[in-house]
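All remarks here apply to the structure that follows.
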Amino acid sequence: MPTTSAAQAALKALEQCRLNGYAVAVTVVNLEGNVMAALRDEHAGPHTFDNSFNKAFTANSLGRAYGLDSTGEIVNRSLAGKAPGIGSFPLPASPLRGLSYSAGGLVIKAGPVVIGALGVSGSPSGGLDEACAARGVQSIQAALK
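Structure below.
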């Protein structure tokens, strides 16, 4: 993923949340899970930076494994007991480092191919985080095709 695309997506997601009145952190990771861009609003809570990474990392890792495009989808599938590899447990029996079971992470695709993910943390709900993440991802889609 081009660094300029990662930076643009992060900025657009942050700006969208600011327009909505939320102070958040945003992280973009590449296919290997490495941070390509990260921003934190000066008023965002201290937990948001790490959690935005965790959401991006989860969308990138588990989203690809399950064929899902967002952490929101992963959570819904897990809670319904339909996530591959989770079995009857709604979530893994023990926490896994770098994973977040909260909406707010979206995969980034170049055409049909996943090339990374974007995570947002800090709004009042994961669904609101995910809406800001969607704005960031949408802002670079044309350039990635």
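Numbers in the working numbering are just positions in the sequence shown, counted from 1, shifted up by 1147.
We put the CB at the ideal spot given by N, CA and C, even for glycine.
Taking all protein chains shown into account, residue 1173 has 16 or more neighbouring C-beta atoms within 10 Å of its C-beta and is therefore buried. Residue 1286 carries a helical assignment under DSSP once its states are collapsed to helix, strand and coil. By the 16-neighbour rule on beta-carbons within 10 angstroms, residue 1226 is exposed. Using a 10 angstroms sphere on the CB of residue 1181, the tally of other CB atoms stays under 16, which defines it as exposed. The Cβ atoms of residue 1210 and residue 1264 sit closer than 9 Å to each other. The beta carbons of residue 1221 and residue 1148 sit no closer together than 9 Å. Contact between residue 1251 and residue 1267 is confirmed by a C-beta separation of about 5 Å, below the 8 Å threshold.
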